[in-house]
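What follows is one structure encoded as structure tokens, with my remarks underneath.
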Amino acid sequence: MPSDIDDTTTRLFFAILPDEPARDRLDRLARETARASGGRASAAFTLHLTIVFVGTVPAETLEKVRAAGDSIAWPSFELRLDALGSFARAGIAWAAPSRVPPELATANRELARALADRAVPADARPYRPHVTLARRCSRTVDGPIEPPIAWNVDRVVLMSSRLLSEGPRYREVAGWSTR
Numbered sequence: 000m001p002s003d004i005d006d007t008t009t010r011l012f013f014a015i016l017p018d019e020p021a022r023d024r025l026d027r028l029a030r031e032t033a034r035a036s037g038g039r040a041s042a043a044f045t046l047h048l049t050i051v052f053v054g055t056v057p058a059e060t061l062e063k064v065r066a067a068g069d070s071i072a073w074p075s076f077e078l079r080l081d082a083l084g085s086f087a088r089a090g091i092a093w094a095a096p097s098r099v100p101p102e103l104a105t106a107n108r109e110l111a112r113a114l115a116d117r118a119v120p121a122d123a124r125p126y127r128p129h130v131t132l133a134r135r136c137s138r139t140v141d142g143p144i145e146p147p148i149a150w151n152v153d154r155v156v157l158m159s160s161r162l163l164s165e166g167p168r169y170r171e172v173a174g175w176s177t178r
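With numbering that gives the first Met the number 0 applied, the sequence shown corresponds to residues 0 to 178, in that order.
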């Protein structure tokens, strides 16, 4: 069985995981969205909101990435996903906040800076926080999520990922409680 972190490289991202009630609602929404979009629903255990995507890095960089996470005073806040949408060219359907919580935007900026300070490159694209609900979508979806899916963020995780034919496989590498 392949490991998430091998001897040479690892693919990493920082994320927020939904609590159980939010995950259950997101799972139902993912299945509904996959049917509506002609896509494949994300498995419940893969549902997350990325704070910063680090990407594939040499395995020896892992400690620098952990140190960047250690340097952040992770804020506690309520995350409310109230918008359904698509990245049409990528074939992705997602749930997102219509307004990015300031705490989330700050965490993204501070973490990107902490990684850069340690010479760890991270995704430089504009931040568009979302939870991927379905992949390989042939039709776009959009609209409000009523009622919004909300939970209190009390933990941030560093995840490793492997992209397999049956879908992504994630493993928690480190975690931090919010304050």
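Glycine residues also receive a C-beta, built at the ideal position from the N, C-alpha and C atoms. Owing to the predicted nature of the structure, the values given are computational and were not obtained by experimental measurement.
{"query": "By the 10 Å Cβ neighbour count, where 16 or more other Cβ atoms means buried, how is ALA40 classified, buried or exposed?", "result": "buried"}
{"query": "Looking only at its chain, what residues have a beta carbon closer than 8 Å to the beta carbon of ALA173, apart from the 5 residues adjacent to it on each side?", "result": "ARG65, GLY68, VAL156, LEU157"}
{"query": "What residue does the alpha helix (DSSP H) around LEU11 start on, and which one ends it?", "result": "Counting along the chain, LEU11 falls outside any alpha helix (DSSP H), though it belongs to the beta strand (DSSP E) covering 8–15."}
{"query": "Let's see if you can read the secondary structure: which residues bound the beta strand (DSSP E) around ALA133?", "result": "130–134"}
{"query": "With a 10 Å radius around its C-beta and 16 neighbouring C-beta atoms as the bar for buried, classify ALA14 as buried or exposed.", "result": "buried"}
{"query": "Taking LEU46 and PRO17 to be in contact with their CB atoms under 8 Å, please state how far apart those CB atoms are, rounded to whole angstroms.", "result": "6 Å"}
{"query": "Which residue or residues does DSSP assign as beta-bridge partners of PHE44?", "result": "Looking at the DSSP assignment, PHE44 forms no beta bridge with any residue, so it has no partner."}
{"query": "Suppose the cutoff is 6 Å on Cβ atoms and the five residues either side in sequence are ignored; what does the same chain contact list for SER36 look like?", "result": "ALA92, ALA133, CYS136, ARG138, VAL140"}
{"query": "Where does SER176 land, buried or exposed, given buried means 16+ other C-beta within 10 angstroms?", "result": "exposed"}
{"query": "Would you mind sorting GLY38 into buried or exposed? The rule is 16 or more other CB atoms within 10 Å of its CB.", "result": "buried"}
{"query": "Taking only the alpha-carbon atoms, compute the straight-line gap between LEU28 and ALA21 and give it to the nearest angstrom.", "result": "10 Å"}
{"query": "Measuring CA to CA, which of SER160, GLU165, THR131, LEU163 is closest to LEU80?", "result": "THR131"}
{"query": "Check each candidate in ALA43, GLU59, PHE86, PRO96 and name the one with the smallest Cα separation from PRO143.", "result": "PRO96"}
{"query": "State the Cα-Cα distance for the pair ALA121 and ARG154, rounded to the nearest angstrom.", "result": "21 Å"}
{"query": "Quick check: the Cα distance between ILE4 and ARG10, rounded to an integer number of angstroms?", "result": "Model confidence at ILE4 stands at a pLDDT of 48, short of 50, so the residue's coordinates are unreliable and nothing is read from them."}
{"query": "Tell me the residue span of the alpha helix (DSSP H) that contains SER70.", "result": "Premise fails: SER70 is in no alpha helix (DSSP H) and is neither H nor E."}
{"query": "Of the residues PRO167, ALA33, PRO101, which one's Cα is nearest the Cα of SER85?", "result": "ALA33"}
{"query": "Assign GLU59 to one of three DSSP states: helix, strand, or coil.", "result": "helix"}
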